[in-house]
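Take a look at the structure set out below.
Numbering (the numbering used here), first residue to last: 57 to 511.
Written out as structure tokens, the structure reads:
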């Protein structure tokens, strides 16, 4: 599969730039041209490119001098792959370019197909280099920060708390709004504990019907209730020796709360239908987006259980309280989703960063990641622009930047925007547009007709 990318052609001959640009454009690459090294320097200062195709013999600064300057003014991580074009008499210059880090060179005269092969190899090399940097960054991020991304004072305190808690077996209560990353913190604590080689069992208490939750947590014996045709281990038994993560603990009924309290106090429980106690050694981490003290005052949460859970409380602040983390998270998610999608996305334009930083993100980190993934998929250039940042209508109040207050109109807007970008990226070729969107040509025709887009 051909890797598509951005190519800058530097040659003082217009015919050469046009010929090579047309051939590379037909391959699906984004192509810009420069008639001199000075013009190329200006373009390289404005944005990043995957490949630089440069003729050596040009008036003024030579191609070799430009390559030497590129090596000094552009960071290694952002540097394009260089393909030098040289005449027979200047092979020595091409060799010098290779010593400066050029990917390859072509000797005049050459066939256009030769250039396409070399550029495609250079793009594949650039993709692998980007992937390697991503994996190294992810490894360092995981090692240094428990996988929790954030440079704000608030998140650094969360990281310090996680580090201190990991070495103990104390019960932890993680609080925070939906989407702030409570499960990530729980997993980080377990991953760096002495019990990291033992199981981490997650239970989403809100997702399990109340009538089944007790059986899911504590298990049951055969005949305990209609349908209990065999003994079943519960999540506590499965997590024995490890960690049990109880998400959405605030949704649990008082009956189940009482049994949870007993496990935390006495380290034992009885499966449903059994009179025999079972000992268990489990570290419990609970999480909630609710105010448990308010639930306690309303008689909906046991006070004793609350105190048992809050031996070590960790609060994760919402994104609107730590705006310094938004650009860091945005860059992290660009790397993550560009890697997954096989795209080379290099950076945000400043207007795009201003847009994501100004929004309140009621869905927090989860909503931000979804918006960045959407931008990566829809982006038709290596730079994320402000136009690529969009989000659907929230269920509550709206924020600046929403294209509409009406949910259906927002969905229509998102569909039209996706169609527009796909058609633009494919230069109107419907087969390619459908492939970009991951749908059939028949489905594409339906959406074009639905939104009355000129085919």
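Using N, Cα and C, we set each Cβ at its ideal position, and we do this for glycine too. Computed from a predicted model, the values in this text were never measured in an experiment.
Asked, Found
"Do you know offhand how far residue 386's Cα is from residue 355's?", "41 Å"
"Short of 6 Å in beta carbon distance, which residues of its chain neighbour residue 451, apart from the five on each side in sequence? Order them along the chain.", "Below a pLDDT of 50, predicted positions are generally treated as unreliable, and residue 451, at 43, falls in that range; no measurement from the model is reported."
"Which residue wins for smallest C-alpha separation from residue 242, given the options 483, 234 and 222?", "222"
"What is the rounded straight-line gap between the Cα of residue 66 and the Cα of residue 397?", "30 Å"
"Helix or strand or just coil, what does DSSP make of residue 158?", "coil"
"Closer than 7 Å by C-beta to residue 388: which residues in its own chain qualify, once you throw out the five before and the five after it? Chain order, please.", "205"
"Please list, in chain order, all residues of the same chain as residue 333 whose beta carbon is under 6 Å from its beta carbon, the five residues on each side excluded.", "324 and 326"
"Leaving out five residues on either side along the sequence, give the residues of the same chain with a beta carbon under 6 Å from the beta carbon of residue 182.", "106 and 137"
"Should the region 378 to 385 be called in touch with the region 104 to 120, which here means at least 3 C-beta pairs below 8 Å?", "no"
"What did DSSP end up calling residue 388 once you bin it into helix, strand or coil?", "helix"
"Out of curiosity, what's the CA-to-CA distance linking residue 63 and residue 128?", "20 Å"
"What is the residue span of the beta strand (DSSP E) that residue 142 lies within?", "137 to 142"
"By how many angstroms is the C-alpha of residue 166 removed from the C-alpha of residue 199?", "Any answer about residue 199 is weak, because its pLDDT of 40 lies below 50 and its placement is not dependable; what the coordinates show is given next. Each residue's alpha carbon lies about 49 Å from the other."
"Looking at the strands, I want to know which residues DSSP matches up with residue 88.", "64"
"Just to confirm the assignment, what range does the alpha helix (DSSP H) spanning residue 421 have?", "420 to 434"
"For the putative contact between residue 290 and residue 251, defined by C-beta atoms under 8 Å, what is the C-beta separation to the nearest angstrom?", "Their Cβ separation, rounded to whole angstroms, is 19 Å, which puts residue 290 and residue 251 out of contact at 8 Å."
"To the nearest angstrom, report how far apart residue 459 and residue 74 are at their CA atoms.", "Caution applies to residue 459, whose pLDDT of 39 falls short of 50 and renders its modelled position unreliable; the value that the coordinates give is listed next. About 39 Å."
"Quick one: what does DSSP say residue 500 is sitting in, helix, strand or coil?", "helix"
"Buried or exposed for residue 213, please, with buried defined as at least 16 other CB atoms from any protein chain shown within 10 angstroms of its CB.", "exposed"
"Here's a check: name, in chain order, each residue in its chain whose Cβ is nearer than 8 Å to the Cβ of residue 498, leaving out the five neighbours to either side.", "none"
"Would you tell me roughly how many angstroms separate the C-alpha atoms of residue 540 and residue 379, rounded to the nearest one?", "The requested residue 540 is not part of the displayed model; the chain covers only 57 to 511."
"Is there contact here, the region 158 to 165 with the region 425 to 435, by at least three beta-carbon pairs under 8 Å?", "no"
"Would residue 235 pass as a contact of residue 420 if the rule is Cβ separation under 8 Å?", "yes"
"Ends of the alpha helix (DSSP H) at residue 320?", "310 to 322"
"Please specify which runs of the beta strand (DSSP E), each continuous and at least 3 residues long, are wholly inside the region 242 to 275, giving them in chain order.", "256 to 260"
"So residue 371 is in the beta strand (DSSP E); what residue range does that whole segment cover?", "368 to 371"
"Between the beta-carbon of residue 283 and the beta-carbon of residue 351, is there less than 8 Å?", "no"
"Excluding the 5 residues flanking residue 479 on each side, which residues of the same chain have their C-beta closer than 6 Å to its C-beta?", "489"
"Residue 299 and residue 339 - do their beta-carbons sit closer together than 8 Å?", "yes"
"As a quick exercise: from 399, 414 and 400, pick the residue whose alpha carbon is nearest that of residue 406.", "414"
"Does DSSP classify residue 183 as helix, strand or coil?", "helix"
"Taking the alpha carbon of residue 439 as the point to measure from, which residue in 82, 90, 134 and 98 has its own alpha carbon closest?", "134"
"Ends of the beta strand (DSSP E) at residue 216?", "Not the beta strand (DSSP E): residue 216 falls in the alpha helix (DSSP H), residues 209 to 222."
"So, residue 441 versus residue 408, is the Cβ gap smaller than 8 Å?", "yes"
"In chain order, what residues of the same chain lie with their CB nearer than 8 Å to the CB of residue 410, ignoring the 5 residues before and after it?", "442"
"For residue 85, does the count of other Cβ atoms within 10 angstroms reach 16, so buried, or fall short, so exposed?", "buried"
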